[in-house]
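J.:
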Amino acid sequence: MLLGAYTSAIGAGLSCPDWPTCYGTWVPFLQPEIIANSPYSALQIFAEWAHRGLAMTAGVLIVGTTIGAWVTHRNTPIVKWSATAALALLPLQVILGGLTVTENLQPIIVTTHLGVAILILLCLLTTFLVAYLRR
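Here the sequence shown stands for residues 12 to 146, numbered as in my numbering.
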């Protein structure tokens, strides 16, 4: 969420003008002409690109957390279901992330994207705290 806020604060929300790629490629920095011809700075493009990469990594970790919760906390429903809730919100968050770009930073979409991120964080925090306190 911090990287998303930073990306927004530096005006980089549309620095990768397409989605899910960035200028039609997964790694725009391998093609220096993309950066040179963009109206955005390299920092802005990197911030948006890194935000997407970090979000993808977080998604993989949420899947792993949910699997781990179901395997190791069979008798702790709140751990299993809070992790599952985070996982269930993940597709919505991905869709909202894409719409943020394709719909040109519409305020309702950007705000909902942040709201869902907060809900995912709360679900994961619940998962962690209950699992930790039950040890």
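A virtual CB, placed ideally from N, CA and C, is assigned to each residue, including glycine.
What is the DSSP secondary structure of C147, reduced to helix, strand or coil?
T.: Summary: the structure shown does not reach residue 147, with the chain confined to residues 12 through 146, and so no result is reported for it.
J.: Look up R63 in the DSSP assignment and say whether it is helix, strand or coil.
T.: helix
J.: Can you give the Cα-Cα distance for I21 and H62, rounded to whole angstroms?
T.: 13 Å
J.: CB L9 to CB I120, shorter than 8 Å?
T.: Given that the chain is displayed from residue 12 to residue 146, the structure contains no residue 9 and the question cannot be resolved.
J.: Find the nearest neighbour of T137 within the set T77, A53 and V71, judged by alpha-carbon distance.
T.: Of the listed residues, the one whose Cα sits closest to T137 is T77.
J.: May I ask you to verify whether the segment 83–94 touches the segment 37–50, counting CB pairs closer than 8 Å and requiring at least 3?
T.: no
J.: Distance check for T95 and G75, CA to CA, integer angstroms please.
T.: 11 Å
J.: Mind checking whether S19 and Y51 have CB atoms under 8 Å apart?
T.: no
J.: I need the straight-line Cα distance from L13 to T87, nearest angstrom please.
T.: 31 Å
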